[in-house]
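K.L.:
Structure below; questions to follow.
Number of protein chains: 2
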Amino acid sequence: MPRPAKFDRETAIGNAVQLFWQRGFSATSMKDLELALNMRPGSIYASFGSKEQLFGMALESYAEASLARLTEQVANKPSAIQALAGYLRGMADEQAEIPPAQACMLVKTLLELGHHASELGARAEALLQRMEATFADILQRDGIPRASAQRIASRLQVGIMGLRSYFQRDIGAAQKADLANALADDLLFWTQTYR
Amino acid sequence: MPRPAKFDRETAIGNAVQLFWQRGFSATSMKDLELALNMRPGSIYASFGSKEQLFGMALESYAEASLARLTEQVANKPSAIQALAGYLRGMADEQAEIPPAQACMLVKTLLELGHHASELGARAEALLQRMEATFADILQRDGIPRASAQRIASRLQVGIMGLRSYFQRDIGAAQKADLANALADDLLFWTQTYR
DNA sequence: GTTGTTTTTGAGTGGTCGTTCAATTATTAT
DNA sequence: ATAATAATTGAACGACCACTCAAAAACAAC
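Top line first, the protein sequences correspond to chains P and E.
Everything in the first sequence is counted per my numbering, starting at 7 for the first residue and increasing by one.
Everything in the second sequence is counted per my numbering, starting at 7 for the first residue and increasing by one.
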């Protein structure tokens, strides 16, 4: 007997991701969201609870997609490390992606909200941690011992956070590719010296 | 004949830096500033023009201090590269600094505002560029050719941006020191291979 | 003490914020 | 058709936003 929802939940959250990713939490207003989701305030609150909860779902969705992209790129490759290096090199090409926000949404959230004062910031930090753990897993798959893998994973995440933040600057595609390649080279170097 | 201003301009801007650095532009309200500067709205607007202009001054002040700290640490050292490495290693110790905001204010601003849509974001980007140019200058002082110095400077800034963003996470002092040392080692390695 | 100049004050501006909820609309089951 | 149920609407809410300005206060010069 009930009336079915006319909007698609996944695409709605997808649109929310785009908005929140670009503008951040504070600078995104409910007005903006109403426009982007094509929903009126009542519907948004009935469906997602609050702006904060919606942001949480967007964050989770973003992280899930990022993690999926990573594991997919590494799956079934002979050398996990080489695959990881390829993943890094590919970061420069994401410039043509949908939103003109190159920086990681998790990092943007962590820097905007902080992990101590904000539930959302803490969740962003946890998701970053999960990413890093995945890097470590991948490295161990190539025989790198656990402790070394974790160290390299940390350095890798530092590099990625820096790289994508740097991409927020106004620089050319050539320099982007150059820096992404440089980070990939660093990774290969670390795996050799740390082993 | 005029009545002199009773507040100290520099300390006022210093307090503004602290607030803006921690909370960012959007999340800092005029109420917050009134409290931190111990000034009433009318005085703030008479002295600094607007919230945006005040943020601009705070940004400039922050960048100037950062640049001064860098050049001072490198001045009169036999090896500029070694001094630069020391500067990097010292980053882990800044955890005990006044505000619990480890990430660079310029990066936070760039990520929050973006360089395209915001005058403030564009200024943050310009100041980051100035930092990078200074890194390149320092490297050239040790005989590294111009092109290589610029490349290394870019990689260095990527590393620093990542490192300080990573420091925003909830990690121990030991890991901070470890990662700062790792970046310093990377710098030394780059200067050897790129020469 | 008086005058001249400037700073400081703080109540008040219109606007926007996130959020709510009674009314309306749309769909399904009978 | 009708009834039952749920999704959608949008006007309205109090709170807070950045900001203004006329009045009051504080100093310097005489």
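We treat Cβ as the ideally placed atom computed from N, Cα and C, and that holds for glycine.
(1) If contact means a Cβ-Cβ distance below 8 Å, which residues of the segment 161–179 of chain P contact chain E?
(2) For a contact defined as C-beta to C-beta under 7 Å, what are the partners of Ser109 (chain E) on chain P?
(3) At a cut of 8 Å, does the segment 151–164 of chain E reach the segment 192–200 of chain E through at least three beta carbon pairs?
(4) What does the alpha-carbon distance come out to for the pair Arg147 (chain P) and Glu138 (chain E)?
(5) Going by C-alpha distance, which of P:Thr34, P:Ala123, P:Gly92 is nearest Glu80 (chain P)?
(6) Report the rounded CA-to-CA distance for Ala69 (chain E) versus Gln24 (chain E), giving the unit in angstroms.
(7) Report yes if the C-beta distance between Leu133 (chain E) and Gly127 (chain E) is below 8 Å; otherwise report no.
(8) Which residues in chain P sit within 9 Å of Asp99 (chain E), going by Cβ to Cβ distance?
(9) Would the beta-carbon of Ala64 (chain P) fall within 8 Å of that of Ile19 (chain P)?
(10) Skipping 5 residues on each side, what residues in its chain have a beta carbon closer than 7 Å to that of Phe61 (chain E)?
(11) Since Ala39 (chain E) and Ala22 (chain E) should fall inside the 8 Å C-beta cutoff, what is the C-beta to C-beta distance between them, to a whole number of angstroms?
(12) For Ala33 (chain P), which residues in chain E fall below 8 Å Cβ to Cβ?
(13) Which residue wins for smallest C-alpha separation from Ile144 (chain P), given the options P:His122, P:Asn44, P:Ser85?
(14) State the DSSP-derived secondary structure class of Gln79 (chain P), mapped to helix, strand or coil.
(15) Taking Cβ positions, are Ala109 (chain E) and Phe173 (chain E) nearer each other than 8 Å?
(16) Determine the DSSP secondary structure at Ala123 (chain P), reduced to helix, strand or coil.
(17) Determine the closest residue to Ala115 (chain P) out of P:Glu16, P:Leu41, P:Arg29, P:Ile177, with distance taken between C-alpha atoms.
(18) Give me the Cα-Cα distance between Glu16 (chain E) and Phe54 (chain E), rounded to the nearest whole angstrom.
(19) Suppose the cutoff is 7 Å on Cβ atoms and the five residues either side in sequence are ignored; what does the same chain contact list for Ala205 (chain P) look like?
(20) Rounded to whole angstroms, what's the CA-CA distance from Pro8 (chain E) to Ala33 (chain E)? Just pull it up for me.
(21) Rounded C-beta distance between Ser171 (chain E) and Ser171 (chain P)? I'm assuming under 8 Å.
(22) One question on the structure: do Ala179 (chain P) and Gln156 (chain P) come within less than 8 Å of each other, judged by their Cβ atoms?
(23) Alpha carbon to alpha carbon, how far is Gln59 (chain E) from Lys37 (chain E)? Give it in angstroms, no decimals.
(24) In chain order, what residues of the same chain lie with their CB nearer than 6 Å to the CB of Leu112 (chain E), ignoring the 5 residues before and after it?
(25) Between the segment 54–67 of chain E and chain P, which residues of the former have a C-beta closer than 8 Å to a C-beta of the latter?
(26) Let me see if you follow: with CB-CB separation under 8 Å, is Glu131 (chain E) close to chain P or not?
(27) With DSSP collapsed to three states, give me the class of Phe54 (chain P).
(28) Can you list, in chain order, the residues of its chain whose CB lies under 8 Å from that of Glu213 (chain P), leaving out five sequence neighbours each side?
(29) In whole angstroms, what is the alpha-carbon distance linking Leu76 (chain E) and Met167 (chain E)?
(30) Going along chain E in order, which residues have a C-beta closer than 9 Å to the C-beta of Ala188 (chain P)?
P.N.:
From the atom records:
(1) Arg161, Gln163, Val164, Gly165, Ile166, Met167, Gly168, Leu169, Ser171, Tyr172, Gln174, Arg175, Asp176
(2) In the second sequence, the residue the question calls residue 109 (chain E) occupies position 103. Checking the sequence, you will find Ala at residue 109 (chain E) rather than Ser. In chain order: Leu117.
(3) yes
(4) Counting from 1 along the first sequence, the entry for residue 147 (chain P) is found at position 141. Counting from 1 along the second sequence, the entry for residue 138 (chain E) is found at position 132. Spanning the two alpha carbons is a distance of roughly 37 Å.
(5) If you number the first sequence from 1, residue 80 (chain P) lands on position 74. One detail in the question is off: residue 80 (chain P) reads as Val in this sequence, not Glu. The residue with the shortest Cα to Cα distance from Val80 (chain P) is P:Gly92.
(6) By 1-based counting over the second sequence, the position of residue 69 (chain E) is 63. By 1-based counting over the second sequence, the position of residue 24 (chain E) is 18. Computed Cα separation, rounded: 13 Å.
(7) Working through the second sequence from its first residue, we reach residue 133 (chain E) at position 127. Working through the second sequence from its first residue, we reach residue 127 (chain E) at position 121. Result no, Cβ atoms of Leu133 (chain E) and Gly127 (chain E) do not sit closer than 8 Å.
(8) In the second sequence, the residue the question calls residue 99 (chain E) occupies position 93. The contacting residues do not exist; Asp99 (chain E) stays about 17 Å from chain P at best.
(9) Sequence index remark: in the first sequence, residue 64 (chain P) carries index 58 (1-based). Sequence index remark: in the first sequence, residue 19 (chain P) carries index 13 (1-based). Closer than 8 Å, so yes.
(10) As a first step, residue 61 (chain E) must be located in the second sequence, where it is residue number 55. So the qualifying residues of the chain are Phe26, Phe31, Leu126.
(11) Counted from its first residue, the second sequence places residue 39 (chain E) at position 33. Counted from its first residue, the second sequence places residue 22 (chain E) at position 16. Note on identity: in this sequence residue 39 (chain E) is Leu, with Ala being the wrong assignment. Going by Cβ atoms, the distance from Leu39 (chain E) to Ala22 (chain E) rounds to 7 Å, so yes, they are a contact pair.
(12) Taking the first sequence and counting its residues from 1, one reaches residue 33 (chain P) at position 27. Ordered by position in chain E, the residues that pass the 8 Å Cβ test against Ala33 (chain P) are Ser32, Glu118.
(13) Here residue 144 (chain P) refers to the residue found at position 138 when the first sequence is read from its first residue. Minimum Cα distance to Ile144 (chain P) is reached at P:Ser85.
(14) Walking along the first sequence from the start, residue 79 (chain P) turns up at place 73. Correct three-state label for Gln79 (chain P): helix.
(15) Looking up residue 109 (chain E) in the second sequence gives position 103. Looking up residue 173 (chain E) in the second sequence gives position 167. Contact: yes.
(16) Taking the first residue of the first sequence as 1, we reach residue 123 (chain P) at position 117. If DSSP states are grouped into helix, strand and coil, Ala123 (chain P) belongs with coil.
(17) Here the question's residue 115 (chain P) lines up with position 109 in the first sequence. At residue 115 (chain P) the sequence reads Thr, which differs from the Ala that was named. Thr115 (chain P) has its Cα closest to that of P:Arg29, out of P:Glu16, P:Leu41, P:Arg29, P:Ile177.
(18) For the purposes of this step, residue 16 (chain E) is identified with residue 10 of the second sequence, where counting begins at 1. For the purposes of this step, residue 54 (chain E) is identified with residue 48 of the second sequence, where counting begins at 1. Roughly 12 Å separates the two Cα atoms.
(19) A question about residue 205 (chain P) goes unanswered here, because the residues of chain P that appear run from 7 up to 201.
(20) Start at 1 with the first residue of the second sequence, and residue 8 (chain E) comes out as number 2. Start at 1 with the first residue of the second sequence, and residue 33 (chain E) comes out as number 27. Roughly 36 Å between the two C-alpha positions.
(21) For the purposes of this step, residue 171 (chain E) is identified with residue 165 of the second sequence, where counting begins at 1. For the purposes of this step, residue 171 (chain P) is identified with residue 165 of the first sequence, where counting begins at 1. Indeed they touch by this definition, with Cβ atoms about 6 Å apart.
(22) Start at 1 with the first residue of the first sequence, and residue 179 (chain P) comes out as number 173. Start at 1 with the first residue of the first sequence, and residue 156 (chain P) comes out as number 150. It is not a contact, given that the beta carbons lie outside the stated cut-off.
(23) Taking the second sequence and counting its residues from 1, the one referred to as residue 37 (chain E) is at position 31. Taking the second sequence and counting its residues from 1, the one referred to as residue 59 (chain E) is at position 53. The alpha-carbon atoms of Lys37 (chain E) and Gln59 (chain E) are separated by roughly 16 Å.
(24) The sequence position of residue 112 (chain E) within the second sequence is 106, counting from 1. Ala130, Leu133, Leu134, listed in sequence order.
(25) none
(26) Along the second sequence, one-based indexing puts residue 131 (chain E) at 125. Yes, its Cβ sits closer than 8 Å to a Cβ of chain P.
(27) As a position in the first sequence, residue 54 (chain P) is number 48, starting the count at 1. Note: Phe54 (chain P) maps to helix in three-state DSSP.
(28) Outside the displayed span of chain P (7 to 201) sits residue 213 (chain P), for which this structure offers no information.
(29) Within the second sequence, residue 76 (chain E) is the residue found at index 70, counting from 1. Within the second sequence, residue 167 (chain E) is the residue found at index 161, counting from 1. Taking the straight line from one Cα to the other gives about 15 Å.
(30) Counting from 1 along the first sequence, the entry for residue 188 (chain P) is found at position 182. What Ala188 (chain P) touches in chain E: Arg157, Ser160, Arg161, Val164, Trp196.
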